[in-house]
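Since the structure comes first, as structure tokens, the remarks are kept for the end.
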Amino acid sequence: MNGIRRLIAAVGALCAPAAAIGQQTTPTAPPNPVAPLIPLAPVTPPASPVSTAPLASTVPDDADVVVFGLRGSVIQDVQPLATFDSAAIESTGASSVTELLRTIRGATQSADGSEPIFLLNGQRVSGYGEIGTLPPEAIEKVEVLPEQTALRFGYPPTRRVVNFITKRRFRQVELRQAVGTSTRGGGDTANIHAGATRFHDGARVTLEADYRHADAIRQSERGLLPDPDLLFDPIGNVSGIAGGEIDPALSAAAGTIVTAAPVPIDPAARTLAGFAAGANQPRLFDPGPYRTFRPENDTGKVEMVLANRISDSIAGSVNLSAEQSRDRHLGGLAPLTLLVPAGRSPFSRDVLLQRYLIEADPLRFRQTVTTLRAGTTLRGSLAGWRWDLTTSVEQQRTSGYTDRGIDSAVANAAVAAGADPFAPLGAAVLSRRLFDRAALRTRTAGAKVVATNTPLRLPAGNLSVVATAEVERTGAVSATRGTNPFALSLGRVREEGSLAIDVPLASRREGVLPWAGELSVNAAGTLRHVGGFGTLWDATGGISWAPSTAIQLLGQLKRSEAPPALAQQSTPTVQVPNVSVFDYRTGRTALVTLTQGGNPDLLPERRSVSSLTLNLKPFAGREWRVSATYSDTVIRDQTATIYAFTPRTEGILSDLLVRDATGQLQSLIFRPTNIAREHTKSLGMTLNVYGQLGKKPPEAAAGSPPAERPSFYGGLGPTLLFSDKLQLRPGTAELDRLGGDTITGAGTARFSGYGYGGLSYLGNGMTFDFWYNGANRVLGGMDATDLRFASIFKLNLGAFASVHHFLPRQAWTKKLQIKLEVSNVTDARQRVTDGNGRVPNRFQSAYLDPVGRTLTLTLRKLL
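Numbering (mature numbering (1 follows the signal peptide of the UniProt record, and there is no 0)) for the sequence shown: -22 to -1, 1 to 841.
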């Protein structure tokens, strides 16, 4: 509850600077941004293969972005899947474009989970930053268009298109401060943001600086039960070699065969009788105070966008950004297994002593990621062609430190030389600490030209042509120093060109076959040469038919080939010891050495997608839109990381794990690999509405603002998965993910869905969104490994208010907003049980969702 008290106390601290802002003529500069994050620590496998929750998404830095110049609908002959005007945007309570996109993510995300292509009113832009830096108040309207629309902008038709239409003139300075906490303790967060935006006579300037901090969440703050399969303890537990009997004499003294026993706390009691008193009852230890679920993180970012006309026919923009992120993570006390020779203990045989080194510092992991990016855009027209040229240069440096603990060979040598195995280790042994230092540097430079034209006027309308040419060079250098040295240098050049056409066949507007409504076909082809992979190609064909203004059908066939991401090939290899995982062969926890890193031998992916979409707008005077998309997807040589090894998976991918002679799991390899084939069939639906409540008021008198009405927005997005089958290697049996097979550790739900909505009036409002995932299972071959994942429903609520609405006489309250958000209101956790009805230790709810319910309080001041 300390975090909650700090959250409440923060209101006063936040209001004080807000009051001061009201007295200033210029904003106070924010603190200098500090650095960002991401550690090479033990990786927890994802709880589900693809997170479809619309709440925790952020827009990727490499998202493709385009701008379209019309202030209105992007394409007149394709109905938007959803539209949001300025009133609907206000009703979301979003304080940034990223928050807005998170709120409406269900409408913008494709059926396969792909993020959208972004448009702005103008031309193509150099990166997401040109949109992400805009405040929501600068946006007049947002349109979400179907995947087929992407063809008209030089992109493959597999991702939806989001068009942002901005106001013609706009000026604003923004200061924002937020604090948050988890109701279960730990994980406190803080954010400070400053930004400035101006549109005037075609010129656009945006500046922003942002700093975020997140406290670590320690395992001890979540009340986990100690794992009975882990025999480590600060004093120690002894066990027989390979899990066998410790000593017949000890078994005789205990009256049963003894395979494990705690070391007595009193050294004088370390006799056969003393060990027999705890026979087969190893002492359990909670390492929670020394281990973090979520690392401590600091992230800082600065970004600038400048755009203006260069001449009467050419305009341009520049986008510059710098970001750094730092993670600090605790991996627990260093575990150590010592071989205690016969005669050095009360036993007649050699035994194993498993002990946590309480006398040594906890294991630590650190990672720093620094990203520098520059992008430019030039756009214009020539001989009927509209063209734009975008260029970008990016460098990212990642450095990581992995603490591997004490050298067990040195410790065992000390015991063999006469050191007391039950006593704390000496300074000479403790100083022999093992570690890995990893570094990765990637550099990317690229340019892309897109030209569009309508060279022919056909009876049913204009024939549209889009041509693109692109070149990109990427290089990566990675290395690991320490226990397992590693070095790799990769480079790649990609050159590609594409051509897309859209041909109208019938048009009611043009009087050509009017009985057929609006009918058109489109096609696109792309050839690309990628270093190391040769020539790859894409081909797409589609049809669009709108028999009336309320109905539209879209059909599409697409074949594509794409290389793996360079990071999947070049990430440095790191070995992390003593990672606890669930063993699907035994149903118990195993401590393994985990190898993580890239795979330079990956093959290109080949994908075939067939889809049919129905769009409905049932009411002409209302913004109610319904969409349903059926997709049939076949992917060959897909790149994925295998996180779970059931008996069926292990039999096929035995090269990714090692067991000893007794069958105990010793090591795992978590690195990208190619999956021979995956075939999925799904139906996704969306319902999106927005509008205003009450009757439209009469026109306001000249010079008076129009009367306001309550605004609302909402949406639903159920998804039904008909089949999902995998073939891990050519010629092997298929895995049925809906039937209980897994490569992620979680089952695959047949049904999932999301919803969102909000209501606002006079700057005050409430919002909600939720996510549902149906029950599913994993078949492991025995009761202890047959897992059942219960359905889960997560609800988020938010409320925001205009402080000036309630304190109209206080000048400092003008344009001051306060917002309270509660994520996961019911503190819902995934419940997992095995075939015996028990919760496996590694599937305790806190492992699957360590954060739980959170509260976030935000103050936002506009100047």
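Built from N, CA and C at the ideal position, the CB exists for glycine as well.
| Query | Result |
| --- | --- |
| Could you tell me the boundaries of the alpha helix (DSSP H) in which Pro226 lies? | 226 to 232 |
| Taking the straight line between their C-alpha atoms, what separation do you get for Gln616 and Asp328? | 48 Å |
| Pop quiz: Thr573 and Thr551 are said to be a contact at Cβ under 8 Å. What is the actual Cβ separation, rounded to whole angstroms? | 7 Å |
| Counting along the chain, where does the beta strand (DSSP E) carrying Val829 start and finish? | Careful: Val829 lies outside any beta strand (DSSP E) and carries neither H nor E. |
| Per DSSP, what kind of secondary structure is Glu628 in: helix, strand or coil? | helix |
| According to DSSP, simplified to helix, strand and coil, what is Tyr268? | helix |
| If you count every other CB in all the chains shown that lies within 10 Å of the CB of His307, and 16 or more means buried, which is it? | buried |
| Between the alpha carbons of Arg364 and Glu77, how many angstroms are there, rounded? | 32 Å |
| Using DSSP with H/G/I as helix, E/B as strand and the rest coil, what is Gln808? | coil |
| Report back the beta-carbon spacing between Asp414 and Arg382 to the nearest angstrom; my notes put them in contact at under 8 Å. | 7 Å |
| Can you tell which of Ala478, Leu592, Ala387, Val296 has its C-alpha closest to the C-alpha of Thr446? | Ala478 |
| By the three-class DSSP mapping on this structure, what secondary structure does Ile109 have? | helix |
| Round the Cβ separation of Thr664 and Leu59 to the nearest angstrom and send it over; I've been treating them as touching at under 8 Å. | 6 Å |
| Along the alpha helix (DSSP H) that carries Ser160, what are the first and last residues, could you check? | Where Ser160 is concerned, there is no enclosing alpha helix (DSSP H), although the beta strand (DSSP E) it sits in stretches over 148 to 160. |
| What are the residues that DSSP puts in a beta bridge with Pro708? | BP columns for Pro708 are empty, so no partner. |
| Would Leu798 and Glu152 be called neighbours here (beta carbons separated by less than 8 Å)? | no |
| Using a Cβ-Cβ cutoff of less than 6 Å, which residues in the same chain neighbour Phe210 once the five nearest sequence positions on both sides are dropped? | Pro313, Gln332, Tyr334 |
| Within 8 Å, do at least three Cβ pairs link the segment 530 to 546 to the segment 559 to 570? | no |
| Can you tell me the Cβ-Cβ gap for Leu311 and Ala824, rounded? I've got them flagged as a contact below 8 Å. | About 19 Å separates the two Cβ atoms, so there is no contact after all. |
| Does the separation of the CB atoms of His783 and Gly736 fall below 8 Å? | no |
| Nearest CA to the CA of Leu491: which residue from Ala524, Ser476, Asn500? | Ala524 |
| Give me the Cβ distance between Asn275 and Gly105, rounded to the nearest whole Å; I'm assuming they're in contact under 8 Å. | Not really, about 23 Å apart at Cβ, beyond 8 Å. |
| Between the alpha carbons of Leu765 and Asn754, how many angstroms are there, rounded? | 9 Å |
| Quick one: which unbroken beta strand (DSSP E) runs of 3-plus residues sit fully inside the segment 584 to 661? Chain order, please. | 601 to 619, 635 to 637, 643 to 648 |
| For Thr4, is the classification buried or exposed, using 16 other Cβ atoms within 10 angstroms of its Cβ as the cut-off for buried? | Residue confidence for Thr4 is low, a pLDDT of 29 falling below 50, so the modelled location carries little weight; the figure read from the coordinates is stated next. Counting Cβ neighbours within 10 Å, Thr4 comes out exposed, since fewer than 16 surround it. |
| Using the Cα positions of Gln374 and Ser299, report the straight-line distance between them to the nearest angstrom. | 12 Å |
| Find the nearest neighbour of Val455 within the set Ala654, Gln547, Ala406, judged by alpha-carbon distance. | Gln547 |
| Assuming contact is defined by CB atoms lying nearer than 8 Å, are Val139 and Ile95 in contact in what I supplied? | yes |
| Find the nearest neighbour of Gln197 within the set Thr270, Gly743, Arg182, Gly358, judged by alpha-carbon distance. | Thr270 |
| Nearest CA to the CA of residue 868: which residue from Leu631, Arg820, Ala768? | No answer is possible for residue 868: it lies beyond the span of the chain, which begins at -22 and ends at 841. |
| Can you check whether the CB of Ala232 is closer than 8 Å to the CB of Glu254? | According to the sequence displayed, residue 254 carries Ala and not Glu. Against a cut-off of 8 Å, the Cβ pair of Ala232 and Ala254 comes out as a contact. |
| The beta strand (DSSP E) with Phe253 in it runs from where to where? | No beta strand (DSSP E) contains Phe253, which is instead part of the alpha helix (DSSP H) from 250 to 254. |
| Around the Cβ of Trp749, are there at least 16 other Cβ atoms within 10 angstroms (buried) or fewer (exposed)? | buried |
| Residue ranges of each alpha helix (DSSP H) run of no fewer than 4 residues wholly in the segment 269 to 348, ordered along the chain? | none |
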